[in-house]
Amino acid sequence: MKIKTVFITVLLLLQIIAFTLQVAATYRTSYIPFNLIDVSWGKGEAIVEPEPGDDFVPLVITVAHAKGEVVVSGVNATLTLPVGFSFPLFQAQDSAPGSYRSGEEIDFDFTVNTAKNLPTGIYYGYLRIEFYLLLGGMTFEGDPWNMSIPIKLLGKSDINYKLNPQMLNPSAVNDVTLTVSNDGSSSAYFLDLDFSAEKTTPIGGRASWTVNKLKPGESAAFPFSLYIHPDLQDKTAEGSVVTTYKSAYDRTLTQTDTIHFTVASLRDLFEVSLSSISLIEGQVNDVSLILNYTGTSTQSKVEVSATAQPPAAIVGPEVWTIDQLNPNQRKSLATQIYAPIAGQSTTLTITVKYFDVMGVKVEETSQIGFIVYSGPEATLLKSDFTNVKAGAINDIPATLINSRDKGIVDVEVSVSAPEPMGVVGLSKWSIPYLRPGEEEELTVNLHAPSASLGSTSYLSFMVKYRDEAGEVKSETHFLGFVVVESAQFVSPVTLYSVNSKVTGGLVNDLAVTIQNAGDDTLYNLEVTLAPMEGGQLIGSEGRWTYDLLTPNEAKSFLVPILVSEAREGGFTITFNIESTDSLGYTRTEMRNLGFVVGEVFSSPLRLYSTTPDIYAGSVFNYNLSLLNLMGEVIKNIEVYASPPPSITFVSTDGRWKIDVIAPGESKTLVIPLYAPTDIIGSGGALTVTLEYTDQNGIYRTEVRNLGFALRGTIDLKPSGVTITPLPAVPGSELTVSGQIFNSGTVTAKAVNVSIIPSHPFLYTAMEGTMVVGDIDVGIQAPFTLNPTVSFQAEEGTYKLQLLITYKDDMGLWQEIPTEIPVTISTTVGLPTDEKPTQEGPLPFSWMNIALGIVIGIIVAWVALRLISRRKKSSEEWE
Numbered sequence: 027m028k029i030k031t032v033f034i035t036v037l038l039l040l041q042i043i044a045f046t047l048q049v050a051a052t053y054r055t056s057y058i059p060f061n062l063i064d065v066s067w068g069k070g071e072a073i074v075e076p077e078p079g080d081d082f083v084p085l086v087i088t089v090a091h092a093k094g095e096v097v098v099s100g101v102n103a104t105l106t107l108p109v110g111f112s113f114p115l116f117q118a119q120d121s122a123p124g125s126y127r128s129g130e131e132i133d134f135d136f137t138v139n140t141a142k143n144l145p146t147g148i149y150y151g152y153l154r155i156e157f158y159l160l161l162g163g164m165t166f167e168g169d170p171w172n173m174s175i176p177i178k179l180l181g182k183s184d185i186n187y188k189l190n191p192q193m194l195n196p197s198a199v200n201d202v203t204l205t206v207s208n209d210g211s212s213s214a215y216f217l218d219l220d221f222s223a224e225k226t227t228p229i230g231g232r233a234s235w236t237v238n239k240l241k242p243g244e245s246a247a248f249p250f251s252l253y254i255h256p257d258l259q260d261k262t263a264e265g266s267v268v269t270t271y272k273s274a275y276d277r278t279l280t281q282t283d284t285i286h287f288t289v290a291s292l293r294d295l296f297e298v299s300l301s302s303i304s305l306i307e308g309q310v311n312d313v314s315l316i317l318n319y320t321g322t323s324t325q326s327k328v329e330v331s332a333t334a335q336p337p338a339a340i341v342g343p344e345v346w347t348i349d350q351l352n353p354n355q356r357k358s359l360a361t362q363i364y365a366p367i368a369g370q371s372t373t374l375t376i377t378v379k380y381f382d383v384m385g386v387k388v389e390e391t392s393q394i395g396f397i398v399y400s401g402p403e404a405t406l407l408k409s410d411f412t413n414v415k416a417g418a419i420n421d422i423p424a425t426l427i428n429s430r431d432k433g434i435v436d437v438e439v440s441v442s443a444p445e446p447m448g449v450v451g452l453s454k455w456s457i458p459y460l461r462p463g464e465e466e467e468l469t470v471n472l473h474a475p476s477a478s479l480g481s482t483s484y485l486s487f488m489v490k491y492r493d494e495a496g497e498v499k500s501e502t503h504f505l506g507f508v509v510v511e512s513a514q515f516v517s518p519v520t521l522y523s524v525n526s527k528v529t530g531g532l533v534n535d536l537a538v539t540i541q542n543a544g545d546d547t548l549y550n551l552e553v554t555l556a557p558m559e560g561g562q563l564i565g566s567e568g569r570w571t572y573d574l575l576t577p578n579e580a581k582s583f584l585v586p587i588l589v590s591e592a593r594e595g596g597f598t599i600t601f602n603i604e605s606t607d608s609l610g611y612t613r614t615e616m617r618n619l620g621f622v623v624g625e626v627f628s629s630p631l632r633l634y635s636t637t638p639d640i641y642a643g644s645v646f647n648y649n650l651s652l653l654n655l656m657g658e659v660i661k662n663i664e665v666y667a668s669p670p671p672s673i674t675f676v677s678t679d680g681r682w683k684i685d686v687i688a689p690g691e692s693k694t695l696v697i698p699l700y701a702p703t704d705i706i707g708s709g710g711a712l713t714v715t716l717e718y719t720d721q722n723g724i725y726r727t728e729v730r731n732l733g734f735a736l737r738g739t740i741d742l743k744p745s746g747v748t749i750t751p752l753p754a755v756p757g758s759e760l761t762v763s764g765q766i767f768n769s770g771t772v773t774a775k776a777v778n779v780s781i782i783p784s785h786p787f788l789y790t791a792m793e794g795t796m797v798v799g800d801i802d803v804g805i806q807a808p809f810t811l812n813p814t815v816s817f818q819a820e821e822g823t824y825k826l827q828l829l830i831t832y833k834d835d836m837g838l839w840q841e842i843p844t845e846i847p848v849t850i851s852t853t854v855g856l857p858t859d860e861k862p863t864q865e866g867p868l869p870f871s872w873m874n875i876a877l878g879i880v881i882g883i884i885v886a887w888v889a890l891r892l893i894s895r896r897k898k899s900s901e902e903w904e
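In this note's numbering, the protein residues as written are 27 to 904.
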């Protein structure tokens, strides 16, 4: 009997357990309901730093078992990537072996590919975590956890370099600047730069620098001094910059870049000339080498050597050592040259050796040609003149001497000079007869251009004559010189005015005279009035021209100037005068004329405009206002306005009459006018004549000028805007495209289209702004933006706010806001398995589980009661 009772009891308990499990399964069929044990996962994020279009980029997502005392194991993660990312080799899953307690982090490693030109920013993927619970030595399957994963696409740094200037001088210390710039999309940190180049020496040690941070678009400049070895002259050299830096992903990167620069030719610091380039055959000729040092620093231990082209030979000193040469110092080195054969041209080779600023030995070589003549010449030419002035006509005296013991007849002398020098005035002389030993004085007018300063040149004298036998002979003499200094310019222009006083508040007609006080004719004169303080030019463009002014000739012109009524004491106007002399030199001079403000007329009316800018291309209403500044009434005001020639009044003759203007009262006249678009960017002035009776009953006339700037209009409007997909769905990326049309009269500069932050639209910096560029008049320019709809967006119609920015014709930034309606639907778009799920465990009815347990207990209790009664009945029956 007892065995039967135990069997029935066990059977009932098994039935209760089965019934309880069946009730639970009725409400949750997928997973065993162990969510009574609170298990959740902390939000994770991923950071990736790819090259554009990189493949196999590591992507690490870190999550944490956030709370709950239960241990989890068998964790498996499935990642869904956003647009622009893809998995190579179907690596969409990763698992984490082992078990994890609350607070422990788990890293899931994925490998992704990134699309080309993928902008930086934040993208969102979806991670599904599946796991098991370890409870009481038993393993149960937990509810999957779904979470949104922000993927921060940091981009890359693009470090570039530029060396300025790119043309460097050899055998010298060059001041250069190395500019480093980040042309990438991500910041670079802790940059260490090291510049080096062969046969160069940075002054002061290594050329190394450190930059803590370089943001995208930023640059840093490092000036330093670099010595260039003379061996690099006339070559394209290269240096290298080794850079070590940390990326935004804390990765240490090293790159080596090559910088090319050009080295100029080695500039000769020494100019060499001969005291005479004509030698006599069969004689030892005394000559002097003239060494002109053109450097800018003191030079020590200069070695000079000379060699003659055979059959000529140097019989005197041929090597000289100079201890020191100062800048622009000249040194004469005496020697003797033997010239054996007449009629030949030969050369003298001069070598100068010195040490540059870094102690490197530099060698310069130059050649000088000379001519050998037969026997003693019949004539000699001598002159003590060796220096000329640049930018002037130099009078050079020379003496022609008959050195023979017999006379010569029909002597003709002609002189010339190589370019850019020029002989002006008399260049030929005829001498009937020169007795033995007789001298003839010659004066040569030589023009040396300003650009020839520091150079050496010569005069060539060709002498023809007949000797005692009647034979015609010719000889050539050379006179060398150095252009040592610039001539002091004395202006021939005189400017004056017969006026000495001006009246403030009124237009003063100033008579100005320009006169040529020099001995040379001036050509193509242009006189321009410079901007002045306290005055305004009336009815004139401020420019006067004259074809020529002969010596002592004068020209007068009228300068109408309105002197400010607030001007007191003195008043000065400035002229710029440009003229060309007979030698072709063009000079610009500045002259001032001063005047005394004798009296000041104070006008009771203030004339002004509230529209100082006139917009061309359409009829524009120009506001002209008159304000009574006095304490009395002004009556019978007549206003006459006239525009400049390029502007026309519309529907008005420019005449108005105002009966009365009370004290402090302002009257405004609206003048419709039209300006053509071809004068946009220029300026002008409106001439206004006021006739009125003042507070004292005196009739007055005033002439005023109101200046204005001619502007163009810019009218930008979006058109043809399309949105795909439409309707939009939460989490989707939109493509907003359209055209921007400029219906104005001037080009819109630097046009940008940006998204204004507003819910529910998300975007990165690259997706949210597009640089359109300049838009000309009548041109449409396309734009495309790619915002993303937030996953939290609800169904409805939202306004995507855009902002168009541009620079106007004055270079000022302007803004045009606009809105585009976007419809969002939460029921279309993504497949069911791709729609975002609620973060955390799926909901489960705990009341259903409790109800099943209660029912099981009641059933067990009823069964036990029945068994007990049955047993009692059996006993009574017995």
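Quick reminder that beta carbons are idealized off the backbone N, C-alpha and C, glycines included. Predicted, not measured: the structure shown is a model, and the values here were computed from it.
Per DSSP, residue i is paired with what?
| i | result |
| --- | --- |
| Leu-161 | Met-164 |
| Trp-887 | Trp-887 pairs with nothing; no bridge assigned. |
| Met-193 | Thr-288 |
| Ile-148 | Lys-178 |
| Asn-200 | Leu-252 |
| Phe-113 | For Phe-113, which the question treats as bridged, DSSP gives no partner whatsoever. |
| Glu-329 | Thr-347, Lys-379 |
| Ile-640 | Leu-736 |
| Pro-744 | Ile-766 |
| Lys-387 | Phe-381 |
Cα-Cα, which of the options is closest to residue i?
| i | options | result |
| --- | --- | --- |
| Met-164 | Thr-104, Val-96, Ile-132 | Val-96 |
| Phe-136 | Asn-143, Asp-120, Ile-148 | Asp-120 |
| Ser-476 | Thr-373, Met-447, Leu-374, Asp-349 | Met-447 |
| Ile-706 | Glu-156, Thr-773, Thr-377 | Thr-773 |
| Leu-317 | Leu-305, Ser-301, Leu-652, Asn-311 | Ser-301 |
| Gly-690 | Lys-683, Val-388, Asn-722, Leu-652 | Leu-652 |
| Arg-681 | Asn-542, Arg-891, Glu-717, Met-656 | Glu-717 |
| Lys-239 | Val-268, Val-199, Ile-185 | Ile-185 |
Please look up how many angstroms separate the CB atoms of residue i and residue j, rounded, as I've assumed it's under 8 Å.
| i | j | result |
| --- | --- | --- |
| Asp-800 | Lys-825 | About 29 Å; that fails the 8 Å criterion. |
| Ser-392 | Asp-294 | 7 Å |
| Thr-771 | Val-803 | 6 Å |
| Ile-640 | Ala-701 | 6 Å |
| Tyr-253 | Thr-270 | That pair is no contact at about 26 Å. |
| Val-714 | Val-777 | That pair is no contact at about 39 Å. |
| Glu-464 | Asn-428 | 5 Å |
Distance check for residue j and residue i, CA to CA, integer angstroms please.
| i | j | result |
| --- | --- | --- |
| Val-109 | Pro-145 | 12 Å |
| Thr-547 | Leu-574 | 7 Å |
| Ser-326 | Gln-350 | 4 Å |
| Pro-669 | Ser-635 | 14 Å |
| Asp-436 | Thr-571 | 51 Å |
| Leu-460 | Ser-453 | 19 Å |
| Phe-767 | Gly-243 | 29 Å |
| Phe-809 | Thr-795 | 10 Å |
| Leu-406 | Val-414 | 22 Å |
| Glu-820 | His-785 | 10 Å |
| Lys-261 | Ser-483 | 31 Å |
| Leu-609 | Tyr-549 | 10 Å |
| Ser-299 | Pro-353 | 18 Å |
| Val-553 | Leu-811 | 57 Å |
Is residue i a contact residue of the ligand ADP, with contact defined as CB to any heavy atom under 8 Å?
| i | result |
| --- | --- |
| Ser-121 | You won't find the ligand ADP in this model; it holds no ligand whatsoever. |
Sequence ranges, beta strand (DSSP E) only - wholly within the stretch 647-731, length at least 3: Secondary structure in the stretch 647-731: the beta strand (DSSP E) runs of 3 residues or longer, each lying completely within the stretch, are 660-668, 681-687, 692-700, 709-719 in chain order.
Length-filtered (4 minimum) alpha helix (DSSP H) runs lying within the stretch 769-852: Here the runs fully enclosed are 791-794.
Entirely enclosed beta strand (DSSP E) segments - the stretch 551-589, minimum 3 residues: Runs found: 561-563, 569-575, 580-589.
Any beta strand (DSSP E) of 3 or more consecutive residues that is wholly inside the stretch 459-544: Counting only runs of at least 3 residues, the stretch 459-544 fully encloses the following beta strand (DSSP E) elements, listed from N- to C-terminal order: 465-474, 482-492, 498-512, 519-523, 527-530, 533-542.
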